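Inspection log for the structure reproduced underneath, given as structure tokens.
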Amino acid sequence: MIKLTIDNRTVEVEKGTTIYHAAKKLDIDIPTLCYMNLGDLKIEHKPGGCRVCVVEVEGRRNLAPACATECFEGMVVQTHSIRVLNARKTVLELILSDHPFDCLICAKSGNCDLQDMAIKMGVRSIPYQGEKSTYKPDFSPAIIRDMDKCIMCRRCETMCNDFQTVGVLSGVNRGFEAVVAPAFERDLDHSECTYCGQCVAVCPTGALTEVDHTTQLIRDLADPAKKMVVQTAPAVRAALGEAFEMEPGSLVTGKMVAALRRLGFDYVFDTDFAADLTIMEEGTELLDRLTRFLDGDKKVKLPMLTSCCPGWVNFFEYHFPDMRDIPSTARSPQQMFGSIAKSYFADQINTKREDMVVVSVMPCVAKKYECTREEFSVNGNPDVDYSISTRELAMLIKRSNMDFNRLPEEDFDQPMGESTGAAVIFGTTGGVIEAAVRSAYEIHTGKTLKKIDFEQLRGIDGIRSASVDFDGIEINIGIAHGLGHARKLLEDIKAGRSDYHAIEIMACPGGCVGGGGQPLHHGNPAIIKARQKAIYREDAGKPIRKSHENPAIIKLYEDFLGKPMSEKAHHLLHTHYFDKKQKDVLLD
Amino acid sequence: MKTWWKQILEKIYNFSSVNYNQMGEPIMTKIKSLADLKKIKGDLQSKIALREKSDKPEGRVIVKVAMATCGIASGSKDVMEYLVDELDKRNIDAIVSQTGCMGYCYAEPTIEVTLPGNEPVVYGYVDLKKADEIIEKYIRNQELVDGIIPVNYQTIEKDKED
Amino acid sequence: MTSIKLKLKESEVQQLREVAKSFNNAPGELINVLHRAQEIFGYLPAEVQEVVAQELNVSVAKVYGVVTFYSFFTMLPRGRYPISVCTGTACYVRGAEKVLDEFKRILKVPVGETTADGKFSITCLRCVGACGLAPVVMVGDKTYGRVTTDGVKDILKEYEEAE
Amino acid sequence: MHMLVCGGTGCRASASDMLFDNLKKELQEQGLQDEVQVVTTGCFGFCEKGPIVKMIPDNTFYVSVEPGDAKEIVAEHVVKGRRVERLLYVDPVNKKQIADSKGMGFYKKQIRIALRNCGLIDPENIYEYLAADGYEAMGKVLTEMTPEDAIQEMIDSGLRGRGGGGFPTGVKWQIASKVSADQKYVVCNADEGDPGAFMDRSILEGDPHSVLEAMVINGYCIGATNGLIYIRAEYPLAINRLKIAIKQAREYGLLGKDILGSGFDFDVEIRYGAGAFVCGEETALIHSMEGERGEPTFKPPFPAQSGYLGKPTNVNNVETFANVPVIYNKCAKWFAGIGTEKSKGTKVFALAGKINNVGLIEVPMGITLREVIFEIGGGIKDGKKFKAVQTGGPSGGCLTEKHLDTPIDFDNLLAVGSMMGSGGMIVMDEDDCMVAVAKFYLDFTVEESCGKCSPCRIGNKRLYELLEKITKGQADKEDLDNLRNLCMVIRDTSLCGLGQTSPNPVLSTMDNFMAEYIAHVEDDRCPSGVCKDLIRYEIIPENCVGCTACARNCPVNCIAGERKQLHTIDQSLCIKCGACLEKCKFNAVAII
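Chains as they are written, first to last, in our numbering: chain H, 64 to 651; chain V, 1107 to 1268; chain U, 897 to 1059; chain A, 3 to 594.
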């Protein structure tokens, strides 16, 4: 242990601790714009670049960055001496001198680390005026890059390269011209971007934001000719409350439904319904592949990989196109929902699909892209018209003058609001595979599970594995969240080192609870874990906790689809994947 | 450069242990110990002393051309080639070799001429005309010509033990 | 930065592959590979960077990030006679700026660009270490020392006549 | 007999031409013109005592010789063989007259250690290096010393890194030697980026083997078997000579397996830089060698603990390495006997700018700027007045008249607001505007900043913009305060050495030439007549003869006037290129 003094108070820390963390122990919050530590998720970003966290260390010539400087015995630190405050404020003024002053109309206003810092430091004027960096804004189907607002914290680069291993973003140019950009400063939709949105989730300013669909939504809601249908993903209910000053991990399912109804949706449904449907299809596919594999069919490929995460789908289409026959062909819950809503349900309410608008509320920005994929439309009419993020929903609720906290708890509409606990846990890493195991086990063995909770599949480690006894047959299950972890599993499969039968993959840390469309965690990993807990709480409280027992789903098959993997199901609920790897350089 | 290399080696060292391959490059033998190294050094030093004497008792003329970037940029390569050719043509027994920067960047190209029994003299701003003058006046007749650069440094003394 | 669209020939792609292979396709050799690639093509168009990325198994964004970091690498083809004016300190205090201005004035192109006929391009470089000859100008591999504004015309003439 | 008359600019300014003519005339009168030859030479580098006459072969050295002294020299020295005592150099210390130039302290001002072989041996010929004690130090260390002893010797020598930081080399080696690792690396930093410094290039071009030899020694000391030389791609000749040297050393078994039968293996590879000044910083250099953007990272961990590929790595500069073999050949005590208390040995400087003897010099630490500039460098070009000397490149500061007698070493330069840096020394005269000079350096820093940390990325840009405002006469006094505050903050908060030192050119010029800043800000005037926006060219009617030279050379045709008539400049069109001033032979164009 090391003893040091910070702001005249003594603290004892372990060797290797930085000043930043030592100060935290004394409840001294040293401001920073670039440092990010996502604890259990094993993501630490420590470039020492913003220089806002500088402190004075006795005996040192210059100021020290608290985030990177390790404590030593007898160290004497001042975190708010005149020298420090002046330097910190000047550095901030410099950053602001190269930043647009359009705070009032910025998408991040009120939720911006840079803005908060300017308020905290009491910046009232910018003495250093000069050239500002300007870049062409980049509008992709999911993410908007406005690099004029980039402060070079480079958190996005770490997420994109180190955590996701997608490698779309890199620091380019140098000096004043330095910025984070895709190759050749092309737009994101000309890159291999998976739209996972983790860059958006960690951006401290308005440089990276999601594409906004709220204006479109308000316009559609006001159109009496349109039947408005909304679906909400499981992870949304575990995070939406944060936008209304509730504790992280508050479950707001009922209030959310009430709010959506008040916004003017005709039908407030649940994506969970489609998640149960996904389990029916994907679970059946898994059992089918497993049985054939165990029977010695050499054509069957295992492990089977889940396919509900659009960021993940993009990832293997770009990086492992030759393995695109391994993932399940089942569409994601969002798309299954859209497909059923605009066929089965549209028939029920006698509405043409053109007159129905299906909106999804997702913890995700990649979903915005997913619903624009051509294969998910009929005659140019998309199954899901557009997707808004949890953040956008919160904004809409505020804009509509509702006091969210005082809204009553209401129930989803029927039939597509009916769901089970198995569907809810889709919102966290390990949830999809747990839901699949619950159903697959019972369907395969014909026995009822004694214990529904598969604790061995839960947790927060990047790669987890477990074996489940299917009545004498050991099924090996792998779980990865974060595309970097997924890459490792894929490389193992490619090299023939993998003995998994099924693998669940989610692109975002913690799964959808940590999605790119969720309220910003501002670098606090405890928030993601709290949401995860809330999800399991919701599951535990559900009367039905196995997808195949969902009565609305049973009815759907009876009335409409026939049975899982039927031709109709295949047509409406399954898909195929593309090789998006950049073709070899143009040849003559 | 290859021919120079060979020419210089043959002319300077006449080294019994050096054999040449078909490309005219010397075939090296590895030095196996410190004692070996010292022996070779002694050998080389006496050979250098010898080659500077040539077969004349008073010795040979030695010309070094500073061939670093600034020298070459100012034309020292042409000067060196000129000196090699002309000294040969004019039947002057001399060794011309290249060396690094002498430090007189302002006066490139620079060459150092050592006449037998004399202190080395450095000439600056040596173009072909100057080179010709140096050959004719200084090397042939020991007449100093304009453009001398006074040497103004000392080198480290040789170790006394050696 | 924009780059000129270029279609690579199969043989050129093969050449790049061999370069990468000679460095064991190791990501750590990126800069060495780029040096060789620039020697071959004269510059580093996007397509070349894409092949390099593929061969070394690094992201194209990273290759581009490296290319744009180092001033030695260029994505624009240079003129047939690339003019580099040294703007190191020694040259600066001996009038390099005036020499540079003179080149710009006569060729009517700014620094970093190539004349319309593709003949000359102007770049600045930082000290070639020939400070004794300041101000220094390089055209291709040839170094000109003690250049004056009057001398600029003569240098250009040498190359005008070469064609 | 020969008489060498200094024809350098300094001596010429004190009428050495006339002296030359007089000497010739006197010899002719005596009929000795065929026996005694009078020759003009380049600058002796002793302009303060010019004009200088040196007699050959007896090496008599006459100083401050006036044209009128010709008669006496010929009559006494040439005819009678007696020295003219009153013209001899008087040693400033013991007040004794010194006749033979070899005995003059002046010749001892330069000691060549790092440059010992440069200009003496053929760098492409290993034999010449071997004959000059080459690889003997390596042999001695590898076969007769333990790594611990060898490191101790290095520590005792007091050698400090010559790349700029001045960290004790032996200590650096010791740190790396104490970290246990399966692999370690020795890196030679040859990415010389300081504009105006070229000693590393010269050493590699003139004596590449000395660097290889030192790298093997370094490797043996810390237990590394791999060496990497990171060299600027803009140095083709140095690269070529290095390659030749590596090949030769391998062929002789001086690199490779079991060197000199010691059982120690070591080999060297070349890596190329690609034009980024910041890669002189060791962490940035290491990232660059790993194929990454050359962005520095926070230290600690130091490269000696975790460097190239995460392994302990010693990064030393070319000049540092060039000193190493000599230290083992001659012993640490000998080396420590040269220089000052805390800075041992010599330092190579690249003298450039408005100085007569532009070139490389190597002087013992502790020499004064005055000795370097006026005695070795031969004084200011064209007889102008000395104004400032910039040391340490973009990281250094501008020193003035009052610093001329400060002994040069690492700590003294730091104390007066400059830096040793890699040894660039740019001399400026009265025609240089110090605000413009500061702006020049900031322009460099802005271009070379890697952009990783905010103060350097944005701060230096703003510094540059403030300086631009000043040179355009658009700044007010508040800007000067902001300028200073910004300098302090950039220095205090930047991530690496580049940013931490980038304000030095501004701070030192503000400290030493505040009046110039004030003149720009308050009077909208550039006292040196450099800043284009604050000057105008005008024709002085009294001097103009109407020769039309200015009008003919004006690139924008803004000068009007008939032949033999007074010319005038149209200020609205003038681009202030100064061509008219250069061309006018009648002093009729002036900067106002």
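We put the CB at the ideal spot given by N, CA and C, even for glycine. Note that the coordinates shown come from a computational prediction; the quantities given were computed from them, not determined experimentally.
Item checked: Whole-Å CB distance - H:Cys571 paired with H:Cys216, under 8 Å assumed -> About 20 Å separates the beta carbons of H:Cys571 and H:Cys216, which is beyond the 8 Å limit, so they are not a contact pair.
Note to self: For H:Leu323, which residues in the same chain have their Cβ closer than 6 Å to its Cβ, ignoring the five residues on either side in sequence?
What the structure shows: Hits under 6 Å: Val293 and Val331.
Next item on the list: Rounded to whole angstroms, what's the CA-CA distance from V:Asp1268 to V:Ile1240? Just pull it up for me.
Entry: Summary for V:Asp1268: the model assigns pLDDT 36, below 50, so the residue's position carries little reliability; its value from the coordinates is reported in the next sentence. Rounded to the nearest whole angstrom, the C-alpha separation of V:Asp1268 and V:Ile1240 is 36 Å.
Check: Candidates A:Val439, A:Gln502, A:Pro303 and A:Glu130: which alpha carbon is nearest A:Ser451's?
Finding: Nearest to A:Ser451 by C-alpha distance, out of A:Val439, A:Gln502, A:Pro303 and A:Glu130, is A:Gln502.
Next item on the list: Please name the residues in the segment 239–264 of chain A whose beta-carbon is closer than 8 Å to at least one beta-carbon of chain V, in chain order.
Entry: Here the close residues are Leu239, Ala240, Gln250, Glu253, Tyr254, Gly255, Leu256, Leu262 and Gly263.
Check: Given a limit of 7 Å on CB to CB distance, which residues of the segment 921–954 of chain U reach chain A?
Finding: Going along the segment 921–954 of chain U in chain order, one finds Pro923, Gly924, Glu925, Leu926, Ile927, Asn928 and His931 with a Cβ nearer than 7 Å to chain A.
Check: Got a sec? Which residues, its chain only, sit under 7 Å from U:Phe919 by beta carbon, not counting five neighbours each side?
Finding: Spatial neighbours of U:Phe919 in its own chain (CB-CB distance under 7 Å, excluding positions within 5 residues in sequence) are listed in chain order as Glu925, Asn928 and Val929.
Checklist line | Minimum C-alpha distance to H:Met399 - residue among H:Ser440, H:Leu340 and H:Gly327 | finding: H:Met399 has its Cα closest to that of H:Leu340, out of H:Ser440, H:Leu340 and H:Gly327.
Item checked: H:Gly490 vs H:Cys427 beta-carbon contact at 8 Å -> Contact: no.
Next item on the list: Taking H:Gly304 as part of the beta strand (DSSP E), name the residues at either end of that continuous run.
Entry: Per DSSP, H:Gly304 belongs to no beta strand (DSSP E) and is neither H nor E.
Checklist line | Straight-line gap, U:Glu1009 to A:Tyr237 (C-alpha atoms, nearest Å) | finding: For U:Glu1009 and A:Tyr237, the distance between alpha carbons rounds to 24 Å.
Check: At least one CB of chain U closer than 8 Å to the CB of A:Gln32: is that the case?
Finding: False, the Cβ-Cβ gap to chain U never drops below 8 Å.
Next item on the list: Consider the Cβ of V:Gly1130: report whether some Cβ of chain A lies at a distance smaller than 8 Å.
Entry: Unreliable positioning characterises V:Gly1130 in this predicted model, as indicated by a pLDDT of 49, which lies under 50. The coordinate reading is nonetheless provided below. For V:Gly1130, the answer is no, since every Cβ of chain A falls outside 8 Å of its Cβ.
Check: Hey, does H:Leu126 have any beta-carbon neighbour from chain A nearer than 8 Å?
Finding: With its beta carbon less than 8 Å from one in chain A, H:Leu126 belongs to the interface.
Next item on the list: Report the neighbours of V:Val1251 on chain A: residues whose CB is nearer than 7 Å to its CB, in chain order.
Entry: Per Cβ cutoff of 7 Å: Val41.
Next item on the list: Confirm, please, whether the CB-CB distance from H:Gly269 to H:Cys372 is below 8 Å.
Entry: A distance of 8 Å or more separates the beta carbons of H:Cys372 and H:Gly269.
Next item on the list: Taking C-beta pairs closer than 8 Å, name the residues in chain A that U:Asp997 reaches, listed in chain order.
Entry: Within 8 Å Cβ-Cβ: Cys579.
Margin query: What would DSSP say about H:Ala131, mapped onto helix, strand or coil?
Written below: If DSSP states are grouped into helix, strand and coil, H:Ala131 belongs with coil.
Notebook entry, point to check: Helix, strand or coil: which one does DSSP assign to A:Asp431?
Noted result: Three-state result, A:Asp431: strand.
Notebook entry, point to check: Shorter than 8 Å from the beta carbon of U:Ala992 to some beta carbon of chain V?
Noted result: Chain V places no beta carbon closer than 8 Å to that of U:Ala992, leaving this residue out of the contacts.
Next item on the list: Could you name the residues of the same chain whose beta carbon sits closer than 6 Å to that of A:Lys183, not counting the 5 residues immediately before and after it, in chain order?
Entry: The sequence as given places Ala at residue 183 of chain A; Lys does not occur at that position. If we look at A:Ala183 and ignore the five residues flanking it on each side, its Cβ neighbours are Lys313 and Pro314.
Notebook entry, point to check: Any heavy atom of the ligand NAP closer than 7 Å to the Cβ of H:Asn413?
Noted result: This structure lacks the ligand NAP, and indeed carries no ligand of any kind.
Check: Mind checking H:Asp333: buried by the 16 CB within 10 Å criterion, or exposed?
Finding: With 16 or more other Cβ atoms from the protein chains shown falling within 10 Å of its own Cβ, H:Asp333 counts as buried.
Check: Going straight from the alpha carbon of H:Glu344 to that of H:Lys152, what length do you get?
Finding: Roughly 57 Å separates the two Cα atoms.
Check: Interface residues of chain A around H:Asp161 at Cβ under 7 Å?
Finding: Those within 7 Å of H:Asp161 in chain A are Ile460.
Next item on the list: Could you tell me which chain U residues have their CB closer than 7 Å to the CB of V:Ser1180, listed as they occur along the chain?
Entry: Those are Leu1029 and Gly1041, listed as they occur along chain U.
Check: If we call anything under 8 Å between Cβ atoms a contact, is H:Ile93 one with H:Cys134?
Finding: Taking the C-beta atoms as reference points, H:Cys134 is found no nearer than 8 Å to H:Ile93.
Checklist line | C-beta contact flag for A:Val439 and A:Pro507 at 8 Å | finding: Their beta carbons are under 8 Å apart, which means A:Val439 touches A:Pro507 by this criterion.
Check: Excluding sequence positions up to five away, which residues of its chain have a Cβ less than 8 Å from the Cβ of A:Thr370?
Finding: So the list reads Leu406, Asp407, Thr408, Pro409 and Ile410, once near-sequence residues are dropped.
Next item on the list: Note down the Cα distance separating A:Arg459 from H:Ile158, rounded to an integer number of angstroms.
Entry: Annotation: A:Arg459 to H:Ile158 spans about 9 Å, alpha carbon to alpha carbon.
Next item on the list: My understanding is that U:Lys1015 touches U:Arg976, with C-beta atoms under 8 Å, so please give their C-beta distance in whole angstroms.
Entry: Correct: roughly 5 Å between the Cβ atoms.
Note to self: Assuming H:Phe356 is part of the alpha helix (DSSP H), what are its boundary residues?
What the structure shows: Annotation: the continuous alpha helix (DSSP H) that includes H:Phe356 extends over Thr334 to Leu357.
Item checked: U:Leu920 - containing beta strand (DSSP E), residue span -> A small fix is needed here, since residue 920 of chain U is Asn in this sequence, not Leu. First-last for U:Asn920: undefined, no H or E at that position.
Next item on the list: Could you work out which residue in A:Thr550, A:Leu444, A:Leu575 and A:Asp572 is closest to A:Lys587 when comparing CA atoms only?
Entry: Of the candidates A:Thr550, A:Leu444, A:Leu575 and A:Asp572, the one whose C-alpha sits nearest the C-alpha of A:Lys587 is A:Thr550.
Next item on the list: Measure the C-alpha to C-alpha separation of U:Val954 and U:Pro923 and round it to an integer number of angstroms.
Entry: One C-alpha to the other measures close to 7 Å.
Next item on the list: Just the C-alpha distance for H:Ile451 and H:Asn71, rounded to the nearest angstrom, thanks.
Entry: Taken atom to atom, the span from the alpha-carbon of H:Ile451 to that of H:Asn71 is near 49 Å.
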